[in-house]
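Numbering (UniProt numbering), first residue to last: 1 to 278. Where a beta carbon is used, it is the ideal one built from N, C-alpha and C, also for glycine. Each remark here refers to the structure printed beneath this line.
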Amino acid sequence: MKNSCSFCTCFSASVKEQTKHEEPDEDNNDGSFRIFTYRELNSATRGFHPSEKIGEGGFGTVYKGQLRDGTFVAVKVLSIELDSLRGEREFVAELNTLANVKHQNLVILRGCCVEGGHRYIVYDYMENNSLRHTFLGSEQKKMNFSWETRRDVSIGVASGLAFLHEEHQPHIVHRDIKSSNVLLDRNFTPKVSDFGLAKLLRDEKSHVTTHVAGTFGYLAPDYASSGHLTRKSDVYSFGVLLLEIVSGQRVVDSSQNGERFIVEKVRKLERKTYISLI
Numbered sequence: 001m002k003n004s005c006s007f008c009t010c011f012s013a014s015v016k017e018q019t020k021h022e023e024p025d026e027d028n029n030d031g032s033f034r035i036f037t038y039r040e041l042n043s044a045t046r047g048f049h050p051s052e053k054i055g056e057g058g059f060g061t062v063y064k065g066q067l068r069d070g071t072f073v074a075v076k077v078l079s080i081e082l083d084s085l086r087g088e089r090e091f092v093a094e095l096n097t098l099a100n101v102k103h104q105n106l107v108i109l110r111g112c113c114v115e116g117g118h119r120y121i122v123y124d125y126m127e128n129n130s131l132r133h134t135f136l137g138s139e140q141k142k143m144n145f146s147w148e149t150r151r152d153v154s155i156g157v158a159s160g161l162a163f164l165h166e167e168h169q170p171h172i173v174h175r176d177i178k179s180s181n182v183l184l185d186r187n188f189t190p191k192v193s194d195f196g197l198a199k200l201l202r203d204e205k206s207h208v209t210t211h212v213a214g215t216f217g218y219l220a221p222d223y224a225s226s227g228h229l230t231r232k233s234d235v236y237s238f239g240v241l242l243l244e245i246v247s248g249q250r251v252v253d254s255s256q257n258g259e260r261f262i263v264e265k266v267r268k269l270e271r272k273t274y275i276s277l278i
């Protein structure tokens, strides 16, 4: 361990028909939110081919895609279905709102697609995947990060989180800060992803509710008693993420028989006044 990421414009019938049958102008690459057709996304990801899969998590599976104008995107296929047209309208309206939350350390949301009961979200493509994949992945895949890079990634994530908590109105609680939700662009600039999704996809009939409550190993201790995630909960999760970045160790190490959690390891070292060994 030594030297060790309304548009509450209701969907009118005519708009809904357009999103199903007409191809929007893909050359409009000005960053504005738009509705994609399933045909576009299916073509961009080569039929959601397994070779285009770049990630998977509690909210769904992510595929790399290339639009007709050559733009690369990340397409998240959500693992929760819609039950009604009202759900569709609320989903699109909320995503349009989230698309306007812009900061240099937040992933840009480009648009979405609703096909039947299925939902898709389109983001900017990040060339260096996630912090978990690139820095904490398998020995064959992970990269060695300099201390300068670790510092810059940490500051970038803090900046994005501070924007959500303090500068954006209303404040946004992320609810699931973790290394797989910190993406890295071609220059290794960190971008916080999935902000707002935990609240948006709350559905008591779905297994996704377990992920609305954050991720094991990152959760603040008081969550068990309060049942609520707040900005303070996000800050605690960010602190755990910092331990990951500094130590290069995962939050939960299932291969260990003793202290499996990085927080437990640090507390033990702290009690022994060996914190400098991390």
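Put simply, the backbone Cα of Asn-144 is about 44 Å away from that of Arg-89.
Assignment of Lys-102 by DSSP, reduced to helix, strand and coil, places it in the coil class. Taking the Cα of Ile-108 as reference, the smallest distance to any Cα among Val-266, Ser-226 and Asn-96 is reached at Asn-96.
For Leu-109, the secondary structure class from DSSP, reduced to helix, strand or coil, is strand. In the displayed model, Ser-79 falls within coil according to three-state DSSP, outside both helix and strand. Rounded to the nearest angstrom, the gap between the Cα atoms of Asn-187 and Asn-129 is 12 Å. For Gly-160, the enclosing alpha helix (DSSP H) has its first and last residue at 147-162. Residue Ser-193 holds the alpha-carbon nearest to the alpha-carbon of Leu-106 among Gly-217, Glu-244 and Ser-193.
Taking a 10 Å sphere around the C-beta of Arg-151, we find fewer than 16 other C-beta atoms and assign the residue as exposed. Contact annotation: Gly-58 and Val-77 have beta-carbon atoms that are not nearer than 8 Å.
His-165 sits away from Arg-119, with the two beta carbons spaced by 8 Å or more. In the displayed model, Asp-222 falls within coil according to three-state DSSP, outside both helix and strand. In this structure, Gly-111 places its C-beta atom within 8 Å of the C-beta atom of Phe-36. With a threshold of 16 other beta carbon atoms within 10 Å, Gly-156 meets it and is buried.
Around the CB of Lys-268, fewer than 16 other CB atoms lie within 10 Å, so the residue is classed as exposed.
Here Arg-34 is bridged, per DSSP, to Gly-111. Only buried fits His-133, as 16 or more other CB atoms lie within 10 angstroms of its CB. In the DSSP assignment, Pro-190 forms a beta bridge with Leu-184.
For Glu-52, same chain residues with a beta-carbon under 8 Å away, outside a window of 5 residues either side, are Thr-45, Arg-46, Tyr-63, Lys-64 and Gly-65 in chain order. In the DSSP assignment, Val-122 falls within the unbroken beta strand (DSSP E) covering 118-124.
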